[in-house]
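**Student:** Okay, handing you the structure first.
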Amino acid sequence: MSRRAGLLALCLVPSLLEGALVGAGLAPLGAAGLAAQANAVPPFGVFQDLRWLVALDPSWTVLAGLVPAVLLARGVLTGLTLAAAWPEGLPRPGLGRLVARGTLASGLGDLLLAPSVVVLYGLAVVPLSWLFLAAVPLAVLLALVAHPLWVQAGWWRRPLSARAVGWVLASFLWLSLAGLAVTAAPRFAAAPVAGLFGAANALAWTGLVRAVAGQPRRRLVVPMVPVALAGLAALVALGTLGGFRAARAAETARLRVAPPARTARAPAGPAREAVLIVSGYGSAWNGRPSRPVPGPFLETRFSYAGLGPRGRPLPYDGPDTAAPLPLLLARLRQQVVVLGRRSHLPVAVVADSEGALLAGELVRDDPPRDLRTVVFLSPLLDPDRLTYPLGGSAGPGAPLRQAMTVLAQALQGAAPVALSPRSPFLASVDRQARQLRGLLACPVPGLRELAVLPLADAVAAPPGERLGIPAVVVPAFHGGMLALPVVQRVVADEVAGRPLPRLGIWRWAAHVVAGAANAWQVPTPGAPSCGRPGR
Numbered sequence: 231m232s233r234r235a236g237l238l239a240l241c242l243v244p245s246l247l248e249g250a251l252v253g254a255g256l257a258p259l260g261a262a263g264l265a266a267q268a269n270a271v272p273p274f275g276v277f278q279d280l281r282w283l284v285a286l287d288p289s290w291t292v293l294a295g296l297v298p299a300v301l302l303a304r305g306v307l308t309g310l311t312l313a314a315a316w317p318e319g320l321p322r323p324g325l326g327r328l329v330a331r332g333t334l335a336s337g338l339g340d341l342l343l344a345p346s347v348v349v350l351y352g353l354a355v356v357p358l359s360w361l362f363l364a365a366v367p368l369a370v371l372l373a374l375v376a377h378p379l380w381v382q383a384g385w386w387r388r389p390l391s392a393r394a395v396g397w398v399l400a401s402f403l404w405l406s407l408a409g410l411a412v413t414a415a416p417r418f419a420a421a422p423v424a425g426l427f428g429a430a431n432a433l434a435w436t437g438l439v440r441a442v443a444g445q446p447r448r449r450l451v452v453p454m455v456p457v458a459l460a461g462l463a464a465l466v467a468l469g470t471l472g473g474f475r476a477a478r479a480a481e482t483a484r485l486r487v488a489p490p491a492r493t494a495r496a497p498a499g500p501a502r503e504a505v506l507i508v509s510g511y512g513s514a515w516n517g518r519p520s521r522p523v524p525g526p527f528l529e530t531r532f533s534y535a536g537l538g539p540r541g542r543p544l545p546y547d548g549p550d551t552a553a554p555l556p557l558l559l560a561r562l563r564q565q566v567v568v569l570g571r572r573s574h575l576p577v578a579v580v581a582d583s584e585g586a587l588l589a590g591e592l593v594r595d596d597p598p599r600d601l602r603t604v605v606f607l608s609p610l611l612d613p614d615r616l617t618y619p620l621g622g623s624a625g626p627g628a629p630l631r632q633a634m635t636v637l638a639q640a641l642q643g644a645a646p647v648a649l650s651p652r653s654p655f656l657a658s659v660d661r662q663a664r665q666l667r668g669l670l671a672c673p674v675p676g677l678r679e680l681a682v683l684p685l686a687d688a689v690a691a692p693p694g695e696r697l698g699i700p701a702v703v704v705p706a707f708h709g710g711m712l713a714l715p716v717v718q719r720v721v722a723d724e725v726a727g728r729p730l731p732r733l734g735i736w737r738w739a740a741h742v743v744a745g746a747a748n749a750w751q752v753p754t755p756g757a758p759s760c761g762r763p764g765r
């Protein structure tokens with residue numbers, strides 16, 4: 231067999247086998263998008279290995295056995311691929327040295343990519359697009375800088391090759407396209423589609439190895455790659471913290487600041503419907519009235535702190551939103567009933583993020599009699615796809631529990647949701663996982679429902695997501711969507727029973743983004759459909 235044919239086989243067969251597991255139902259549907267990465271250029275193959283490891287939710291004992299085995303397998307595969315992709319005419323290291331280099335580089339790659347993988351595990355529990363947007367760019371930036379570790383000795387004292395960086399970036403785009411193609415294909419076609427895209431990795435390996443191995447030997451005074459790695463890690467970490475804090479500060483300020491007089495006035499004519507506004511996790515409200523939905527509606531804010539002695543919503547702060555779900559659900563039910571009884575009007579609930587989760591539970595459990603309309607803004611699509619590690623320091627999930635605790639401490643006060651295993655909110659989400667999955671998969675008879683999805687949340691969508699209720703997509707980020715004029719118009723039209731604006735292009739864009747993003751998530755079961763659990 232020629233070296234070129236061997237390289238093609240080394241790239242084709244692993245993806246073909248991984249796709250076959252998905253097609254046969256032996257691997258979750260969420261693994262389909264990862265199949266083309268089985269022997270992708272470094273460090274994307276290592277990135278796939280880590281996501282598979284966390285999906286298994288191992289104990290410390292199991293992890294201690296799996297990590298060396300996976301590292302050795304990755305090192306052997308990398309060494310064989312390097313040998314087959316090595317340019318003709320250049321002195322090639324022995325196979326043993328290439329395998330050793332591949333194994334050691336993969337171990338270092340595991341350490342560098344571990345923070346991104348832990349954040350992506352959090353995404354599988356609480357599907358917030360902010361987590362994906364923090365984790366994946368960091369992994370890609372590390373790939374653009376760290377790829378010489380697998381190819382070249384003395385990598386840390388040599389400049390980066392622009393052509394090699396181009397091949398890594400092209401591979402990321404190609405593998406994202408592979409995720410879209412494999413998840414869009416029928417399940418029985420997962421193997422051939424994944425194999426086709428996996429075979430294309432041979433071209434990327436050839437270009438990358440040629441660019442790095444063929445680079446002139448020039449020693450730098452400053453070790454470029456280590457400095458770049460440290461700089462990128464600091465930049466992304468600070469940028470992530472800053473972005474989280476800015477998003478939360480903007481939402482909190484929007485709710486705390488008194489609204490303009492125009493929006494605080496009651497409707498000019500008699501109200502036609504009572505509207506209960508339910509904000510999301512970490513929000514706060516100072517008790518002042520506001521009317522974010524334009525129209526003849528009687529608008530009231532839901533209070534996470536409950537009702538006062540006179541039955542009025544109490545002001546609340548961010549910690550009140552972190553209460554267990556059963557308590558918050560009881561408060562939501564009480565406030566819907568009180569609003570309907572006092573107003574003598576049909577009630578509409580407009581709920582954002584965590585509020586949408588509560589509203590989904592409310593209507594699927596036993597909708598209050600006066601409830602007529604529910605609008606879900608930024609709904610959390612199928613939370614708790616993987617079991618959250620709530621146990622002790624031993625047993626399944628213990629390593630992830632420790633990792634999530636460290637991550638939560640690092641992002642304390644900045645992340646859009648408390649990721650600590652000690653969070654009462656996440657603990658209750660985990661306990662009620664069976665009820666929460668597929669909340670929007672089945673419509674409720676006699677109730678008008680609408681999901682308003684931000685385009686950014688497509689990166690957090692589970693594979694094969696199919697909503698059972700009408701939905702529109704708007705170009706926005708997660709949370710605080712009711713501050714956007716386009717969302718205000720959509721909500722007002724839905725509550726009033728008017729036709730919705732045409733936003734079909736954004737729904738199409740969301741399908742494309744969701745398929746491509748699936749390639750970079752942790753493998754999880756597919757989204758449940760009405761009457762059928764996730765696959």
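Using our numbering, you'd call the opening residue of the sequence shown number 231 and step up by one each time.
Built from N, CA and C at the ideal position, the CB exists for glycine as well.
Roughly how many whole angstroms lie between the Cα atoms of Phe-532 and Val-348?
**Tutor:** The straight-line gap from Cα to Cα measures roughly 33 Å.
**Student:** Starting from the N-terminal side, write out each stretch of the alpha helix (DSSP H) that is 4 residues or longer and does not extend beyond the stretch 327-373.
**Tutor:** none
**Student:** Skipping 5 residues on each side, what residues in its chain have a beta carbon closer than 6 Å to that of Val-674?
**Tutor:** Cβ neighbours of Val-674 within its own chain (closer than 6 Å, five residues either side excluded): Val-593.
**Student:** So, are the CB atoms of Arg-602 and Pro-626 less than 8 Å apart?
**Tutor:** Contact check for Arg-602 against Pro-626 fails: the beta carbons are separated by 8 Å or more.
**Student:** Just how far apart, CA to CA, sit Ser-359 and Pro-321?
**Tutor:** 46 Å
**Student:** Within 10 angstroms of the Cβ of Leu-557, are there 16 or more other Cβ atoms? Answer buried if so, exposed if not.
**Tutor:** exposed
**Student:** Here's the rule I'm using: 16 or more other beta-carbon atoms within 10 Å means buried, otherwise exposed. How should Phe-274 be labelled?
**Tutor:** buried
**Student:** Going by beta-carbon coordinates alone, are Leu-587 and Leu-607 separated by less than 8 Å?
**Tutor:** no
**Student:** Tell me the DSSP secondary structure of Arg-484 in three-state form.
**Tutor:** With a pLDDT of 45 at Arg-484, under the threshold of 50, the modelled position of this residue cannot be trusted; read the value that follows with caution. DSSP, read as helix, strand or coil, puts Arg-484 in helix.
**Student:** State the Cα-Cα distance for the pair Gly-745 and Pro-357, rounded to the nearest angstrom.
**Tutor:** Distance between the alpha carbons of Gly-745 and Pro-357 is about 15 Å.
**Student:** When we look at the beta-carbon of Glu-584 and count the other beta-carbons within 10 Å, is it buried (16 or more) or exposed?
**Tutor:** buried
**Student:** Determine the extent of the alpha helix (DSSP H) in which Glu-248 is found, giving its start and end residues.
**Tutor:** 233-253
**Student:** Helix, strand or coil for Val-674, going by three-state DSSP, please let me know.
**Tutor:** coil
**Student:** According to DSSP, simplified to helix, strand and coil, what is Val-704?
**Tutor:** strand
**Student:** Please report the straight-line C-alpha distance between Val-252 and Leu-334, rounded to a whole angstrom.
**Tutor:** 30 Å
**Student:** From Ala-749 to Arg-521, what distance separates their C-alpha atoms?
**Tutor:** 41 Å
**Student:** State the Cα-Cα distance for the pair Leu-697 and Gly-236, rounded to the nearest angstrom.
**Tutor:** 44 Å
**Student:** Taking 7 Å as the line, does the beta carbon of Phe-402 fall inside it for any heavy atom of the ligand SAM?
**Tutor:** In the structure shown, the ligand SAM is absent, as is every other ligand, since no ligand is present at all.
**Student:** For Pro-543, which three-state DSSP category applies?
**Tutor:** Looking at Pro-543 - three-state DSSP - the assignment turns out to be strand.
**Student:** State the Cα-Cα distance for the pair Phe-655 and Leu-630, rounded to the nearest angstrom.
**Tutor:** Spanning the alpha carbons of Phe-655 and Leu-630 requires a straight line of approximately 18 Å.
**Student:** So, Val-682 versus Val-742, is the Cβ gap smaller than 8 Å?
**Tutor:** no
**Student:** DSSP on Glu-591, reduced to helix/strand/coil?
**Tutor:** helix
**Student:** Which term fits Gly-727, buried or exposed, when burial requires 16 or more other beta carbons within 10 angstroms of its beta carbon?
**Tutor:** With fewer than 16 other Cβ atoms from the protein chains shown falling within 10 Å of its own Cβ, Gly-727 counts as exposed.
**Student:** So, are the CB atoms of Val-442 and Val-381 less than 8 Å apart?
**Tutor:** yes
**Student:** Relative to the C-alpha of Gly-332, which residue among Leu-379, Leu-733, Glu-591 is closest?
**Tutor:** Leu-379
**Student:** Would you say the stretch 313-320 touches the stretch 427-441, given that touching needs at least three Cβ pairs under 8 Å?
**Tutor:** yes
**Student:** Just the C-alpha distance for Val-717 and Met-711, rounded to the nearest angstrom, thanks.
**Tutor:** 7 Å
**Student:** Taking the alpha-carbon positions, what's the Gly-709 to Tyr-511 distance?
**Tutor:** 9 Å
**Student:** For the stretch 689-748, list the alpha helix (DSSP H) runs that are entirely contained and at least 4 residues long, ordered along the chain.
**Tutor:** 715-726, 734-747
**Student:** Rounded C-beta distance between Leu-562 and Val-508? I'm assuming under 8 Å.
**Tutor:** Contact between Leu-562 and Val-508 holds, with the beta-carbon distance rounding to 7 Å and staying under 8 Å.
**Student:** Taking the alpha-carbon positions, what's the Pro-323 to Arg-661 distance?
**Tutor:** 53 Å
**Student:** Return the CA-CA distance between Ala-747 and Leu-410, expressed in angstroms with no decimal places.
**Tutor:** 8 Å
**Student:** Under 8 Å by Cβ, that's how I've got Leu-730 and Val-704 pegged, so tell me the actual separation to the nearest angstrom.
**Tutor:** Not confirmed; about 11 Å, so no contact.
**Student:** If I'm right that Leu-246 touches Gly-396 with Cβ under 8 Å, what's the distance once you round it to whole angstroms?
**Tutor:** Your pair Leu-246 and Gly-396 does not check out as a contact, with CB atoms roughly 27 Å apart and the cut at 8 Å.
**Student:** Helix, strand or coil for Ala-504, going by three-state DSSP, please let me know.
**Tutor:** Strand, per DSSP.
**Student:** Going along the chain, which unbroken runs of the alpha helix (DSSP H) with 4 or more residues stay wholly within the stretch 390-451?
**Tutor:** 392-414, 420-429, 431-443
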